[in-house]
Amino acid sequence: FGQLGEIIKAVKSSRLKACLDTAHAFESGYNLGEVGGLDKALEEFDHEIGLERLVVVHTNDSKTPLSSGVDRHENIGQGYIGESGFRIIVNHPSLKRLPFIIETP
């Protein structure tokens with residue numbers, strides 16, 4: 108989230124918003140499928156970018172393991188984030204107000 112935060116701060120526009128991609132975050136090392144991991148990711152997102160800039164969640168499971176660095180989408184509930192992980196994500200208080208865009212392979 109740090110690089111994205113740097114770009115947003117450099118542009119200095121309140122119109123610039125952000126999207127959280129579940130597979131990209133997971134594959135980058137943020138364990139969104141566990142309460143503690145999601146909390147930690149959102150805390151870092153808030154610090155680097157600001158939760159007020161988060162306007163949508165791009166939702167897809169990951170065909171590759173946590174921290175793989177490889178972007179391979181999987182059907183929701185059939186990948187490494189898993190069905191229980193998506194229950195945690197969609198019910199998190201910081202995300203409940205947001206639209207979720209589902210993308211499957």
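Heads up, the sequence shown is in our numbering, so the first residue is 108 and it goes up one at a time.
Beta carbons: idealized from backbone N, C-alpha and C, even for Gly.
Tell me which residue opens and which closes the alpha helix (DSSP H) that residue i is part of.
i, result
"His131", "129 to 134"
"Phe193", "189 to 197"
"Leu111", "109 to 118"
Apart from the five residues on each side of it in sequence, which residues of its chain come closer than 7 Å, Cβ to Cβ, to residue i?
i, result
"Gly112", "Glu155, Ile156"
"Arg204", "none"
Below 8 Å on the Cβ atoms is my guess for residue i versus residue j; work out the distance and round it to an integer in Å.
i, j, result
"Ala130", "Ser169", "5 Å"
Within the same chain, show all residues whose beta-carbon is closer than 8 Å to that of residue i, passing over the 5 residues directly before and after it, in chain order.
i, result
"Gly144", "Tyr137, Asn138"
From what residue to what residue does the beta strand (DSSP E) around residue i run?
i, result
"Leu161", "161 to 166"
Nearest by alpha-carbon distance to residue i: which of the options is it?
i, options, result
"Leu158", "Pro206, Ser201, Phe207, Pro212", "Ser201"
"His180", "Ile114, Ile209, Gly140", "Ile209"
Original post:
Would you call the stretch 160 to 174 and the stretch 128 to 141 in contact, with 3 or more CB pairs under 8 Å?
Top reply: Yes: at least three Cβ pairs fall under 8 Å.
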